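Chains as they are written, first to last, in numbering that gives the first Met the number 0: chain W, 0 to 153; chain Z, 0 to 153. Just so it is clear, CB atoms sit at the ideal spot from N, CA and C, and this is done for glycine as well. Since we're looking at a predicted model, the values are computed, not measured.
Protein chains: 2
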Amino acid sequence: MSPQPRARRFRSSGTAYRWDAVDVLEYKAEGSAPFKDVTRQVLFDEPELGVQWRYFEVAAGGHTTLERHEHVHAVLILRGRGEALVGTEIYPIAPFDLFSVPPMTWHQFRAAADEPMGFLCLVHSERDRPQLPTDDELAELRDASTKVAAFLKD
Amino acid sequence: MSPQPRARRFRSSGTAYRWDAVDVLEYKAEGSAPFKDVTRQVLFDEPELGVQWRYFEVAAGGHTTLERHEHVHAVLILRGRGEALVGTEIYPIAPFDLFSVPPMTWHQFRAAADEPMGFLCLVHSERDRPQLPTDDELAELRDASTKVAAFLKD
């Protein structure tokens, strides 16, 4: 039989949302953008697929950066609850929820106060850098609705 | 504020591994290839990402097609247990396990006899058609080890 390439395969370590041979990374370099208590794990980074498949975990009360960019996100919630801002809408977050984040759409994911929230997020390997809102853009977002203003409060 | 595109967003329906506005499809056309009790749901089909993100569910005792192809798979197990053949290795399957299936590598996923097994599978939107093993290739695979022979028994 012709030699078969071995599967690169990683075992999960139970339900701790950690994987053998997958490092738990900083979400972003500290101080580079506002966020709170987020880790990043790159589950797959496949040249053939052209995408990175990541798992992010937001600690209880934490949140990702409020940002937008040309590249899109496909998100599947794996654990926990919270709220997401996508565009000018606020959505509750529950396990297995799916989110599409279109190009240049403000978005932020927040974990509930009492439990971590983890999600899978798919992006193109080559992608533009996220943009942070200016003070004016933040003010505009807050004006979108009282729900958005409350979401962006802290 | 400039108009924001609305997020295309689908709510999950609890823990039933079904999603609003995501159809439960046949795995493949019946009779086109050997498989048993598998459904397919396309969670994301994003032109911008160039990939399809699918959820497959194999009923208790069921299995996917034994096949190979040039395109790669990135797989994350969401629920259940079972066994996977990748190349000439047999791996146990447990929730959150990760599998990479390299190009032209025989692979098959089997659910345990007593519970369904569900997994996320990422593929390129444009991809080659799967190849089924010839009788000779199947015999070669069976010769790889007694474990492989046992896996391919039925």
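- In summary, the residues of the segment 59-75 of chain Z whose CB is separated from some CB of chain W by less than 8 Å are His70, Val71, Ala73, Leu75, in the order they occur in the chain.
- At a Cβ-Cβ threshold of 9 Å, W:His68 and W:Phe98 do not count as neighbours.
- Between W:Arg141 and W:Leu131 a beta carbon distance of about 15 Å is seen, past the 8 Å cut, so the two are scored as non-contacting.
- A Cβ-Cβ separation of about 19 Å leaves W:Leu121 out of contact with W:Val23 under the 8 Å criterion.
- Burial is judged here by how many other beta carbons sit within 10 angstroms of a residue's own beta carbon; Z:Ala148 has fewer than 16 and is exposed.
- The count of Cβ pairs closer than 8 Å, one atom from the segment 51-62 of chain W and one from the segment 97-112 of chain W, reaches three, so the stretches are in contact.
- Under the DSSP definition of a beta bridge, Z:Leu119 partners with Z:Tyr54, Z:Leu75.
- Chain order gives the chain Z residues near W:Phe43 as Ala73, Leu97, Ser99, Leu121, where near means a beta carbon separation below 8 Å.
- The alpha-carbon separation between W:Pro46 and Z:Val100 amounts to approximately 13 Å.
- Of all residues in the segment 21-49 of chain W, only Leu42, Phe43, Glu45, Glu47, Leu48, Gly49 come within less than 7 Å of chain Z when Cβ atoms are compared, listed by chain position.
- The straight-line gap separating the alpha-carbon atoms of W:Glu82 and Z:Ile76 is approximately 25 Å.
- In the structure shown, W:Glu139 adopts helical secondary structure according to DSSP, grouped into three states.
- Assigned with DSSP and collapsed to three states, Z:Val147 falls in helix.
- Around the beta carbon of W:Asp96, 16 or more other beta carbons lie within 10 angstroms, which makes this residue buried.
- Here W:Ser31 is not bridged, per DSSP, to any residue.
- With respect to W:Val41, W:Arg53 sits close: the two C-beta atoms are nearer than 9 Å.
- Z:Thr104 counts as buried, since no fewer than 16 other beta carbons sit within 10 angstroms of its beta carbon.
- Between Z:Val74 and Z:Phe118 a beta carbon distance of about 5 Å is seen, short of the 8 Å cut, so the two are scored as contacting.
- The beta carbon of W:Lys146 lies closer than 7 Å to those of Ile89 in the same chain, with the five residues before and after it left out.
- At a cut-off of 9 Å between beta carbons, Z:Pro102 contacts chain W.
- In the three-state scheme derived from DSSP, where H, G and I count as helix and E and B as strand, Z:Asp36 is classed as strand.
- Non-local C-beta neighbours of W:Gly79 in its own chain, meaning closer than 8 Å and more than five positions away in sequence, comprise Val57, Ile92, Pro94, Ala110, Ala111, Glu114, Pro115, Met116, Gly117, ordered along the chain.
- Under the DSSP assignment, Z:His106 falls in the beta strand (DSSP E) whose first and last residues are 106-110.
- Judged by DSSP secondary structure, W:Phe98 falls within the beta strand (DSSP E) whose first and last residues are 97-100.
- Sixteen is the threshold: since fewer than 16 other Cβ atoms of the shown chains lie within 10 Å of the Cβ of Z:Gly30, the residue is exposed.
- W:Asp44 sits in a strand when the DSSP states are folded into three classes.
- Counting along the chain, no beta strand (DSSP E) covers W:Glu125, and no H or E run does either.
- A residue is called buried when at least 16 other Cβ atoms come within 10 angstroms of its Cβ; Z:Thr133 does not meet this threshold and is exposed.
- The straight-line gap separating the alpha-carbon atoms of W:Glu136 and W:Ser124 is approximately 28 Å.
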